[in-house]
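Chemist: Handing you a structure now.
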Amino acid sequence: MRPITALTFDLDDTFWDNAPVMARTETGHYDWLHERVGHAEHFPLEEYQRRRLAFAARHPVRRGDFTWVRRETLREMLVEFGLEAADAAHWAEAAIERMLALRHEIEVFEEVPAMLDALGQRYRLGAITNGNVDLTRLAIGRHFPVIINAGESLAPKPDARPFLAALARLGPVPPSQGLHVGDSWREDVLPARRLGMRVAWIDKDDERPASLPEGVYRLGHIRELPALLDGLEG
Ligand SMILES: [Mg+2]
C-alpha cells in the first residue's frame, strides 16, 4: 500500500463533542437577542427553528451556509416583529456575532492538542467541515495549513470537491496517500472512500458493525488514531 502522507479531519464530533456546544449556542444567542429586542414572546425558539428550515428549503444552493441562513431568518423575523429594516439588520448581525462567539466555546478532547503536535511532524494536516466553526479561532487551528469550510461553499460534503481541494492544497497528495478522519458515514466515510482515500471512521454511537469496507477503519475515539496509523505504517 502507498504510504500515508496527509491526513484530513472532520471537526464537529471528531475533535469535540458537539451536542453541548450547539445546545448552548442555540439558546444562548436567542435569549441574548430577546433580552435586547423582546421578540421571543411572539417568536419562540421553535418558530425560529421552523423558519430556518423553511428559509433553507427556499434557498437550496446556499442552504449549507448555516450562518447565513440564521442571519437572514432573524432579519426577516425582526422586520415582521416591527423593527425598521436597518434596525432588524443591525440586531440580526449582533445576534449572529453572539452566536459565533458561543459556537467557538469548544472543549476539544483532552488528548487532541498533543496528538496534533505529534501528527503534524509526520503528516500534512487538513480540515474539512460542513459546520460554521472557524478553526483559526481555536488554539488547534495552528496545526492546519489547509482548512476547507465546505458548508459555506456550493459543495458541502459528501460532495467530492472539498476533499479534492484539500488534497490539492496539501501537496498535491494523491487520494491513495491520504487518510480522512470523521464521524459521519454519509459525509465523511463514503465520499472519501469513493475517491480512494483511506478512512478512519469515528464510531461515536458505538455501532460496531460486523464488517467494514476495505480501507475503512473503526475508531471508538479520536485518541485511538495514532495507534491506527502506527499499525498501517508498521
Ligand atoms: Mg462530524
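Just so you know, we're using the numbering used here here: the sequence shown kicks off at 181 and counts up by one.
By construction, the Cβ of each residue, glycine as well, lies at the ideal position given by its N, Cα and C atoms.
Measure the CB-CB distance between Val288 and Ile327 and report whether it falls below 8 Å.
Modeler: No, the Cβ-Cβ distance between Val288 and Ile327 is not below 8 Å.
Chemist: Count Cβ pairs between the segment 215-230 and the segment 293-302 that sit closer than 8 Å; are there 3 or more?
Modeler: Taking 8 Å as the limit for Cβ pairs, the verdict is that the segment 293-302 does not touch the segment 215-230.
Chemist: Tell me the rounded alpha-carbon separation between Ile286 and Arg238.
Modeler: Going from the Cα of Ile286 to the Cα of Arg238 covers about 31 Å.
Chemist: Could you check if Pro338 is buried or exposed, using at least 16 other CB atoms within 10 Å of its CB as the buried criterion?
Modeler: Result: buried.
Chemist: Thinking just about the alpha-carbon of each residue, which of Arg255, Gly362, Leu318, Leu375 is nearest to the one in Asp192?
Modeler: Looking at the Cα atoms, Gly362 is the closest of the given residues.
Chemist: Is the closest heavy atom of ligand 1 to the C-beta of Gly362 under 7 Å?
Modeler: Result yes, Cβ under 7 Å from ligand 1.
Chemist: Cutting at 6 Å between CB atoms, please list the residues of its own chain near Phe189, excluding the five before and the five after it.
Modeler: Closer than 6 Å at Cβ, skipping near neighbours: Ala307, Val361.
Chemist: Rounded C-beta distance between Arg317 and His284? I'm assuming under 8 Å.
Modeler: The Cβ separation is near 5 Å, so the contact holds.
Chemist: If we ignore side chains and look at the alpha-carbon of each, how far apart do Leu375 and Phe246 end up?
Modeler: Distance between the alpha carbons of Leu375 and Phe246 is about 27 Å.
Chemist: In whole angstroms, what is the alpha-carbon distance linking Arg349 and Pro355?
Modeler: Going by the C-alpha atoms only, they are around 12 Å apart.
Chemist: For Phe189, write down the residues that DSSP places opposite it in a beta bridge.
Modeler: BP columns for Phe189 point to Ala307, Val361.
Chemist: Is the distance from the Cβ of Trp271 to the Cβ of Leu282 below 8 Å?
Modeler: Against a cut-off of 8 Å, the Cβ pair of Leu282 and Trp271 comes out as no contact.
Chemist: Could you tell me which residues DSSP puts in a beta bridge with Tyr210?
Modeler: DSSP output for Tyr210 lists no bridge partner at all.
Chemist: For Leu392, name the three-state secondary structure that DSSP assigns.
Modeler: Note: Leu392 maps to coil in three-state DSSP.
Chemist: If you compare alpha carbons, which of Gly311, Met279, Arg322, Ile276 is closest to Val455?
Modeler: The structure shown has nothing for residue 455, since the chain only spans 181 to 414.
Chemist: At the level of alpha carbons, what is the spacing between Phe343 and Ala335?
Modeler: So the two alpha carbons sit approximately 10 Å from each other.
Chemist: What residue range is occupied by the uninterrupted alpha helix (DSSP H) comprising Ile276?
Modeler: Taken as a continuous stretch (DSSP letters only), the alpha helix (DSSP H) holding Ile276 covers 265-283.
Chemist: For ligand 1, is there a heavy atom less than 7 Å away from the beta-carbon of Thr194?
Modeler: Yes, ligand 1 has a heavy atom inside 7 Å of this Cβ.
Chemist: Would you report the Cα separation of Arg204 and Asn310, rounded to the nearest angstrom?
Modeler: About 19 Å.
Chemist: Helix, strand or coil for Val369? Go by DSSP, reduced to three states.
Modeler: In the structure shown, Val369 sits in a helix (DSSP, three-state: H, G or I).
Chemist: Can you tell me where the beta strand (DSSP E) holding Val326 begins and where it ends?
Modeler: Element bounds for Val326: 326-329.
Chemist: Measure from the alpha carbon of Ala276 to the alpha carbon of each residue in Arg182, Arg398, Ala294, Val313, then state which is nearest.
Modeler: Before going further, note that residue 276 is Ile rather than Ala in the sequence given. Closest by alpha carbon: Val313.
Chemist: Per the DSSP calculation, Leu399 is bridged to which residue(s)?
Modeler: Leu399 is bridged to Ile382.
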